[in-house]
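J.: Let me begin by handing over the structure; questions about it come next.
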Amino acid sequence: MTPLEAALLVIVVAILLFVIYYYWKGAKGEVSLARPVESRVDEYLDRRFELMIEEWSLISRARLQSFKNSKESTLAASEGKMESLWEFRKNMAGNLNQLEERLNALEKQTGQK
């Protein structure tokens, strides 16, 4: 065995031992927490909050409130229009029923002659 082959064999064995060591170390399931998970999650969210809002196309509460305030009068007006439209729909349904009854009566009269 040449020195180059011996060195290569040592490197391969070292890599193999390294992989096995880290596999077994991670497989034990031992998790050492120096601080609670909640604080780490909070820290992560604090750092990435603005980016997440942009990424997910979300808006902040302040922008939502300003949007709500600007559109509230429009929504109130639209709700008023909707109420009048529902009333119109009810009236038209009654009118259509009456017209159908008249049409049926006329068809009966013309059908008898």
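If you want my numbering, it's the position in the sequence shown, counting the first as 1, plus 141. No residue lacks a Cβ here, since even glycine has one placed at the ideal position from N, Cα and C.
So for W197, helix, strand or coil by DSSP?
T.: Correct three-state label for W197: coil.
J.: Could you pull the start and end residues of the alpha helix (DSSP H) that T215 belongs to?
T.: Segment 202-253, the alpha helix (DSSP H) holding T215.
J.: Nearest-angstrom Cα distance between E224 and E213?
T.: Their backbone Cα atoms lie some 17 Å apart in a straight line.
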